[in-house]
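Quick notes on the structure that follows.
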Amino acid sequence: MKAPETRICGLAAVRARFQRNPASIIRLYFDAPTSRKVGAMCQRLASLRKIYRCVEPAELEKIADSIHHGGIVAVVEESTPRVPGKADIEAWFRARECLVVLDRIGNAHNLGAIARTAAFFGIPRIVIAGDLSSARPGPAAYRVAEGGLDELETWSAPQVPSFLRALSAAGFEVVGAATRGGAPAPGPAAPHPWALVLGNEESGMAPAVEAACTRLVTLKGVGRVESLNVSAAAAVLIHGLVNRGRR
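Residue numbers (the numbering used here): 4 to 250.
Right, here's the structure in full:
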């Protein structure tokens, strides 16, 4: 049975995948202007007996299923996010590695933007809710992430509340981003690694998810708008959490 495929669009995202795992690229398509930037990539793919081709803009749009392809599309085998177990969580804690947990983030662009921020600040992994409404890595997310998704491990939590409780039991500080009612973010430095939980764009964290957090934080604005976009909030919170221990 043929494995499902997905597409990675944009030169930065395709380069990141190529640098990490060139063999995972099944086919590569690009337009004439981009062809001048991918010579070394094509040589390597040729040695791997992979298909690569310069195509007309209309064909590239059809392959990408979008006009937002950035001049290049890599067709890759779709990977299934792993489900973390107790041993994984304990290993993350021993390594003092933080993570970002996404509770039903439904917009692929938000997923990509959050992944880009997490990778920029050196967060090694994100965990996506197993809910069918959750966005998964795909063409739009890869393009917006600008290579960030290939710098992260992507995991899936079928039941986010129980996963957060397991994190807390292992010693993680589980920080939930609340639209209102939380303590000022990011708060005092903690001696242990943290997990930042971000909720759905419209409804925020589910009540059971919020209850499983060890503390809630809220970004305070001047009140002219209710809240930030979730990807913008993620950038502010990750920056604050990463840097609070350096003060």
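Glycine included, each C-beta is placed from N, C-alpha and C at the ideal position. Please read all numbers here as calculations on a predicted model, not as lab measurements.
Handout entry: As assigned by DSSP and simplified to three states, the class of E176
Key = Of the three classes helix, strand and coil, the one that applies to E176 here is strand, per DSSP.
Exercise for the section: Take T2 and list the residues in its own chain whose beta-carbon comes closer than 6 Å to its own, dropping the five residues that flank it on each side. Expected result: Absent from the structure is residue 2, since the part of the chain shown begins at 4 and ends at 250.
Exercise for the section: Within the same chain, show all residues whose beta-carbon is closer than 7 Å to that of H242, passing over the 5 residues directly before and after it, in chain order. Expected result: Excluding sequence neighbours, H242 sits near F124.
Problem - Nearest residue (CA-CA) to A138, options I117, A188, G179 - result: Considering only alpha carbons, the answer is I117.
Practice task
Whole angstroms is fine: what's the gap from E81's alpha carbon to L152's?
Solution key: When rounded, the distance between both Cα atoms is 13 Å.
Exercise for the section: Return the chain-ordered list of same chain residues with a C-beta closer than 7 Å to the C-beta of S27, the five sequence neighbours on each side being excluded. Expected result: Taken in chain order, the residues that qualify are R20, V79, E80.
Practice task
State the beta-bridge partners of E156 as determined by DSSP.
Solution key: Looking at the DSSP output, E156 bridges to R128.
Handout entry: Assigned exposure category for P187 - 16 Cβ within 10 Å defines buried
Key = Exposed.
Exercise for the section: Indicate the three-state DSSP secondary structure (helix, strand or coil) for G109 in the structure shown. Expected result: Three-state DSSP puts G109 in coil, outside helix and strand.
Practice task
State the Cα-Cα distance for the pair P36 and A94, rounded to the nearest angstrom.
Solution key: Cα to Cα, P36 sits roughly 45 Å from A94.
Practice task
On a CA-only basis, which of R146, V130, P189, A144 is nearest Q162? Give me that one, please.
Solution key: Checked all of R146, V130, P189, A144; the closest Cα to Q162 is V130.
Handout entry: Beta-carbon proximity list for L201, same chain, < 6 Å, skipping 5 on both sides
Key = Here the set comprises L105, A180, V233, A237.
Exercise for the section: Return the first residue and the last residue of the alpha helix (DSSP H) that C45 is part of. Expected result: Annotation: the continuous alpha helix (DSSP H) that includes C45 extends over 42–50.
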